[in-house]
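Taking it in order: structure first as structure tokens, then the write-up.
Put into structure tokens, the structure is as follows:
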């Protein structure tokens, strides 16, 4: 079977789990919770040496499969057969392994379309374009100030508005560039706020784009076993067992301080306007000084450590196997002489 790959791009905390769970309700679509294969393992590829060497490539396949098997939200109904993964790879590369495991999951689900919601894969679009069947991209975007507020409450990610604005701006600009550079019809832009306002219309538009038949079962995502499993795997996914939260936008107006909003708009104001989000304050593109950025970075690290210390023991336990795997791989990195 020739599978249709679909890649959701943009920035996390923009409704990608909501969209994933909606699409996963459709019989033709497989949309498992992402282990973030490329984001986590691309930086560690030097640990594997020359992937043209069979044993080295086999080790990478083994580690990718283990990363999937230790995902906090399990990939139900799939046993990853390493030789089957290798057989599906058209070249000895990490993106090919990622494609192979998603195809095997789709095959196990009886689906012909697989969807990856690792939104940071926008940084690896050039590699994804090498697939024999290049992906269809869904650029899912949300007001960056609401994204920042969501990250500030989540157990993962950056915590200072400066760093969150930098990340959001970078990922949105890359997504916009991909939309402008690829052939017409390769990238669909979906505004999170529109998905909340009229989910049926937006889902029908998305289904038409990916080549899937729309079904109202997509709107019952919150009743699915996958939603329950996702919600049970971490506090930051609790909303996925609720119906669409139609008012879940512009929360930053009361949730962020004036200073946070001003910092975000100063860094990413141009990008907010490109995506038709109105600025709250007068436009100010003055760069921050090195001293200010150093202060922001210190606060950011302190907040990240504070959030880590507040993790529930059960959340820590669910994340530990993947963290141990990645730490072990990093330990195999060659020493770089100074």
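Residue numbers (our numbering): 3 to 340.
Quick reminder that beta carbons are idealized off the backbone N, C-alpha and C, glycines included.
Grab the span of the beta strand (DSSP E) containing residue i for me, first residue to last.
{"i": "residue 12", "result": "6-12"}
{"i": "residue 95", "result": "Segment: none, residue 95 is in no beta strand (DSSP E) and carries neither H nor E."}
Which partner residues does residue i have in the DSSP bridge list?
{"i": "residue 141", "result": "11, 191"}
{"i": "residue 163", "result": "None, per the DSSP bridge assignment."}
{"i": "residue 31", "result": "115"}
Check the C-beta distance from residue i over to residue j and give it rounded, since I have them as a contact under 8 Å.
{"i": "residue 49", "j": "residue 334", "result": "4 Å"}
{"i": "residue 58", "j": "residue 52", "result": "6 Å"}
{"i": "residue 167", "j": "residue 269", "result": "4 Å"}
{"i": "residue 161", "j": "residue 309", "result": "7 Å"}
{"i": "residue 251", "j": "residue 176", "result": "In fact, because the Cβ distance is near 23 Å, the residues do not count as touching under 8 Å."}
{"i": "residue 34", "j": "residue 107", "result": "5 Å"}
{"i": "residue 2", "j": "residue 230", "result": "Lying before the first or after the last residue shown, residue 2 is absent from the chain, which here runs from 3 to 340."}
{"i": "residue 151", "j": "residue 290", "result": "Actually they do not touch by this definition, with Cβ atoms about 20 Å apart."}
{"i": "residue 2", "j": "residue 120", "result": "The structure shown does not extend to residue 2, since the chain is modelled only from 3 through 340, so no value can be given for it."}
{"i": "residue 194", "j": "residue 16", "result": "5 Å"}
{"i": "residue 25", "j": "residue 218", "result": "Actually they are not in contact, since the Cβ atoms of residue 25 and residue 218 sit about 14 Å apart, beyond 8 Å."}
With the cut-off set at 8 Å, would you say residue i and residue j are in Cβ contact?
{"i": "residue 1", "j": "residue 10", "result": "Beyond the ends of the chain as shown, which are 3 and 340, falls residue 1; an answer cannot be given."}
{"i": "residue 227", "j": "residue 30", "result": "no"}
{"i": "residue 283", "j": "residue 264", "result": "yes"}
{"i": "residue 216", "j": "residue 198", "result": "no"}
{"i": "residue 180", "j": "residue 208", "result": "no"}
{"i": "residue 130", "j": "residue 97", "result": "yes"}
{"i": "residue 143", "j": "residue 12", "result": "yes"}
{"i": "residue 164", "j": "residue 298", "result": "yes"}
{"i": "residue 69", "j": "residue 300", "result": "no"}
{"i": "residue 5", "j": "residue 116", "result": "yes"}
{"i": "residue 43", "j": "residue 67", "result": "no"}
{"i": "residue 157", "j": "residue 317", "result": "yes"}
{"i": "residue 148", "j": "residue 32", "result": "no"}
{"i": "residue 3", "j": "residue 114", "result": "yes"}
{"i": "residue 276", "j": "residue 140", "result": "no"}
{"i": "residue 36", "j": "residue 118", "result": "yes"}
{"i": "residue 274", "j": "residue 159", "result": "no"}
{"i": "residue 232", "j": "residue 73", "result": "no"}
{"i": "residue 1", "j": "residue 287", "result": "What is shown of the chain runs 3 to 340, which leaves residue 1 out entirely."}
{"i": "residue 62", "j": "residue 99", "result": "yes"}
What are the start and end residues of the alpha helix (DSSP H) that includes residue i?
{"i": "residue 55", "result": "From DSSP, residue 55 is part of no alpha helix (DSSP H); its letter is neither H nor E."}
{"i": "residue 303", "result": "292-311"}
{"i": "residue 323", "result": "315-332"}
{"i": "residue 203", "result": "201-212"}
{"i": "residue 152", "result": "146-155"}
{"i": "residue 274", "result": "260-276"}
{"i": "residue 85", "result": "84-90"}
Could you give the DSSP three-state label for residue i: helix, strand or coil?
{"i": "residue 116", "result": "strand"}
{"i": "residue 186", "result": "coil"}
{"i": "residue 123", "result": "helix"}
{"i": "residue 339", "result": "Note that residue 339 scores 46 on pLDDT, short of 50, meaning its location in the model is unreliable and no value can be drawn from it."}
{"i": "residue 17", "result": "coil"}
{"i": "residue 244", "result": "coil"}
{"i": "residue 365", "result": "Given that the chain is displayed from residue 3 to residue 340, the structure contains no residue 365 and the question cannot be resolved."}
{"i": "residue 282", "result": "coil"}
{"i": "residue 63", "result": "helix"}
{"i": "residue 252", "result": "coil"}
{"i": "residue 132", "result": "coil"}
{"i": "residue 51", "result": "coil"}
{"i": "residue 75", "result": "coil"}
{"i": "residue 158", "result": "coil"}
{"i": "residue 181", "result": "helix"}
{"i": "residue 104", "result": "helix"}
{"i": "residue 24", "result": "helix"}
{"i": "residue 287", "result": "coil"}
{"i": "residue 175", "result": "helix"}
{"i": "residue 3", "result": "coil"}
{"i": "residue 69", "result": "helix"}
{"i": "residue 223", "result": "helix"}
{"i": "residue 80", "result": "coil"}
{"i": "residue 228", "result": "helix"}
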